[in-house]
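Contents: one structure, followed by commentary.
There are 2 protein chains.
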Amino acid sequence: MIDARLNKILWAVVESYISNPDPVGSRFVTKKYAFGLSPATVRNIMADLEDMGFLHQPHTSAGRVPTDKGYRFYVDALFKREEELCTGCPDEVYERLGDIRDDINMLLNEATRTLSAHSHYVGIALSPKPEKTIPIKISLFRHRDDHVVVTLMTDEGIIRNKIIRLDRKLSLRDLERVSEYLNSRFVGRTLDEIRSVILREMLHDKAICDDLIAEAIRVCQEELYFGSSEVFISGLSEVLCLPDFSDLVRIREISKAIEDKHLIIKLLDGMADTEGVSVLIGSENPAEGMQKLSIVVSTYKEGERPIGTIGIIGPTRMDYVKAINIVDTTAKFITRMLSEK
Amino acid sequence: MIDARLNKILWAVVESYISNPDPVGSRFVTKKYAFGLSPATVRNIMADLEDMGFLHQPHTSAGRVPTDKGYRFYVDALFKREEELCTGCPDEVYERLGDIRDDINMLLNEATRTLSAHSHYVGIALSPKPEKTIPIKISLFRHRDDHVVVTLMTDEGIIRNKIIRLDRKLSLRDLERVSEYLNSRFVGRTLDEIRSVILREMLHDKAICDDLIAEAIRVCQEELYFGSSEVFISGLSEVLCLPDFSDLVRIREISKAIEDKHLIIKLLDGMADTEGVSVLIGSENPAEGMQKLSIVVSTYKEGERPIGTIGIIGPTRMDYVKAINIVDTTAKFITRMLSEK
DNA sequence: ATTAGCACTCTATAGGTCAGAGTGCTAAGA
DNA sequence: TCTTAGCACTCTGACCTATAGAGTGCTAAT
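Residue numbers (the working numbering), protein chains in the order written: chain W, 238 to 578; chain H, 238 to 578.
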């Protein structure tokens, strides 16, 4: 742990830089934060902090700017002072969200808009991982002659549809039989379980001599993933307008990275397991092209089970207090929506 | 109509500027396009073209650049030389698309990616207007106690789900009855018809003394829009990387405009009725913030009925030949997918 | 250990010069 | 009358220089 005085000054520099994107000079620190120290002393301390890797000097005669390590210190300290973080968000923020509780995807989509509008960063959300969801009802309809629409509904209010082409025609009777059978075996298990265990069991179950059902199971096995999670991203233009990105090359790099849904999925997936809000700062971020961005995410839950992720992407010079706050509140709001309805 | 020689030179300037974003000088025109004229003559002609509003001079000693009117001339001329446009796209472009014919929204989403990847502009698509679609099957399930999931399937392979909260509990029996009734009355009409005519008729139909069905109709009336069309947008980063946008202010303006889904919907909606490919150039575009962009769109059809729109957004200095070509081919491809399946 | 003082370094801005590109105009030629 | 060669003119962009301002690091004094 570093000396309390270093601590205070580092905090001051980070906080000040976050509120105003100019490198912070020693004089400024002594003026703004009356520590009872002279600029010269602060200079020495700042030089030490630079040696330790918390601060960086863009050039000899500039003030200091936090490094990723500096932000990390700040964020870690923030989490210790919990009381500052738990201020919550005014309810008006969620007014529009409350009306859409119907469909979780719409809800998430709107949530990313809310996040980005209020934070001025990019709002992101990942819909519940399909393989973790638990179907409560599976229905089949025939569509044209040789297609079947499978509709799968889960407790979280997710509905997924998939059109499957079949080799043979099915009568309405057949469909009904298959559907009943699937419901009896699948409902209440996660898709993961269904895939890995049940389907295999069923195929070997000698009791099923019905080749229609065998066929249906074969198709399910192939198709049951129902695609991967959906990602919602909004507010790219918000971050492009920040003074942090006034460099063409960087703007292009960033817009590429943020537009890349696969990248975002991978990223969010990797952070999905942590409890509560977690923060990834700049170079801590494994993803290519995101080394100049920070990410604040949290998980929303169905009951006690975390099922998806939402968060914010912004510059490393992010207002972490506000960001953590809004992400936390929004995740909790969504969790509440899911359990209330 | 303007003189044939002016014509040729204007064409040359536009074409040359499109392939290379430097203002075009008189000398360059005489060299590249051997018209048998001296630079001085070409200069005179170009001065005339400027007076007529087809060309613009960024500053005294620069070459000429096409105005929106200049591009308009070029595009109109292009449409007359149809043979140049109808070269089609290599089949490989659509390889990935062919595999997704299942769900029209997935298809459109992937189509916008294809469009942007091959054109390096922004790909956009509008899903079929809900009010123009024709349901072929409506199904209801109960979801938790007081919700009903309405699933509406149309011939185009659109599936829409909506969760509706009810004031009262319905038994499975009730649901079945309502569902049968709705199917018998709704299937085969456009949602527009259903809304405007049938629902009203039905409410006044004295034969319906069943208040359950009356209630269902009331709910349908409110909810039948099933939200507006979905928009798919991809490839913003592609255009931000173009040399045309190397100005921070412009980049921000453009990224805001393109991210604005309502704007895009309005825009595409306005262009939905034209037959074949249509082009909107720069200031012809009514939308705020898009005066520096051009839009090339076409409609895809179900049979003979245009049901949705896809296209490209790029700089006014766009490769119109390529853009028109790829938009046209893609629209036709989607149309084929919809009719084949 | 702290601080005042000072020389030093670096940036950002403004002004000035210069080559290059392309024009418009004029006068001569077809 | 239309075309063209020649030339003066204009504007940009690159490059250089000077200067003010900000902030540092170091040294010596407290």
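Glycine included, C-beta positions come from ideal geometry on N, C-alpha and C.
Small disclaimer: the values here were computed from a predicted structure and weren't measured.
Interface partners of residue i on chain W, CB under 7 angstroms
i                 : result
Ser483 of chain H : Leu485
Ile396 of chain H : Val386 and Asn398
Per-residue contacts from residue i into chain W (C-beta, under 9 angstroms)
i                 : result
Arg416 of chain H : At residue 416 of chain H the sequence reads Ser, which differs from the Arg that was named. Simply none; closest approach about 12 angstroms.
Where residue i sits in the DSSP three-state scheme
i                 : result
Glu475 of chain W : helix
Ala509 of chain W : coil
Gly307 of chain H : helix
Ile488 of chain W : helix
Met527 of chain W : coil
His296 of chain W : coil
His357 of chain H : coil
Ser580 of chain W : Residue coverage of chain W in this structure runs from 238 to 578, which leaves residue 580 of chain W outside it and unanswerable.
Arg554 of chain H : coil
Ala271 of chain W : coil
Glu539 of chain W : strand
Met390 of chain H : strand
Gly325 of chain H : coil
Ile341 of chain H : helix
Val533 of chain W : strand
Pro372 of chain W : strand
Gly262 of chain W : coil
Leu247 of chain W : helix
Arg426 of chain H : coil
Under 8 angstroms from the C-beta of residue i: neighbouring residues of chain H
i                 : result
Ser492 of chain W : Leu473, Ser474, Leu477 and Ser492
Beta-carbon proximity check, residue i vs residue j, cutoff 8 angstroms
i                 : j                 : result
Tyr308 of chain W : Trp248 of chain W : no
Ser256 of chain H : Lys269 of chain H : no
Val266 of chain H : Val251 of chain H : no
Thr370 of chain W : Thr427 of chain W : yes
Val415 of chain W : Leu389 of chain W : no
Ile401 of chain H : Val424 of chain H : no
Arg301 of chain H : Glu287 of chain H : yes
Arg586 of chain H : Leu409 of chain H : The first residue shown for chain H is 238 and the last is 578, placing residue 586 of chain H beyond what the model contains.
Ser474 of chain H : Ser520 of chain W : no
Tyr418 of chain H : Ile549 of chain H : no
Ile502 of chain H : Val533 of chain H : no
Ser471 of chain H : Gly360 of chain H : yes
Ile396 of chain W : Val387 of chain W : no
Leu485 of chain W : Ser364 of chain H : no
Lys529 of chain H : Arg487 of chain H : yes
Contacts around residue i, its chain only, beta-carbon distance under 7 angstroms, and the 5 residues preceding and following it disregarded
i                 : result
Thr184 of chain H : The shown model of chain H, from 238 to 578, leaves out residue 184 of chain H, and the question about it has no answer.
Met231 of chain W : The shown model of chain W, from 238 to 578, leaves out residue 231 of chain W, and the question about it has no answer.
His355 of chain W : Val330 and Ile563
Ala299 of chain H : Pro260
Thr536 of chain H : Ala509, Pro543, Gly545, Thr546 and Ala568
Lys538 of chain W : Ile544 and Thr572
Thr556 of chain H : Position check: residue 556 of chain H holds Asp in this sequence, whereas Thr was assumed. Excluding positions up to five away in sequence, the list reads Ile255.
Thr391 of chain H : Thr370, Ile371, Pro372 and Ile373
Leu479 of chain H : Pro552
Asp285 of chain W : Leu243
Ala207 of chain W : As shown, chain W starts at 238 and ends at 578. That puts residue 207 of chain W outside it, with no answer to give.
Chain W residues whose Cβ lies nearer than 8 angstroms to that of residue i
i                 : result
Ile282 of chain H : The contacting residues do not exist; Ile282 of chain H stays about 36 angstroms from chain W at best.
Arg199 of chain H : Residue 199 of chain H lies beyond the stretch modelled for chain H, which goes from 238 to 578, so this question has no answer here.
Residues near residue i in its chain [Cβ-Cβ closer than 6 angstroms; skip 5 each side]
i                 : result
Asp481 of chain W : Pro552 and Arg554
Phe469 of chain H : Leu345, Asn346, Thr349 and Ala362
Lys366 of chain H : Ser466
Asp565 of chain W : Val514 and Ser535
Check: residue i C-beta below 7 angstroms from any heavy atom of the ligand GTP
i                 : result
Pro258 of chain W : The model depicted lacks the ligand GTP and carries no ligand whatsoever.
Same chain only: Cβ atoms within 8 angstroms of residue i, ignoring 5 sequence neighbours per side
i                 : result
Gly540 of chain W : Ser576
Ile435 of chain H : Arg422, Phe423 and Arg426
| field | Residues of the stretch 372-390 of chain H whose Cβ lies closer than 7 angstroms to any Cβ of chain W, in chain order | value | Lys374, Ser376, Phe378, His380, Val386, Thr388 and Met390
| task | Please list the residues of the stretch 496-520 of chain H that have a C-beta atom closer than 7 angstroms to any C-beta atom in chain W, keeping them in chain order. | result | When CB distances to chain W are screened at a threshold of 7 angstroms, the residues of the stretch 496-520 of chain H falling below it are Glu496, in chain order.
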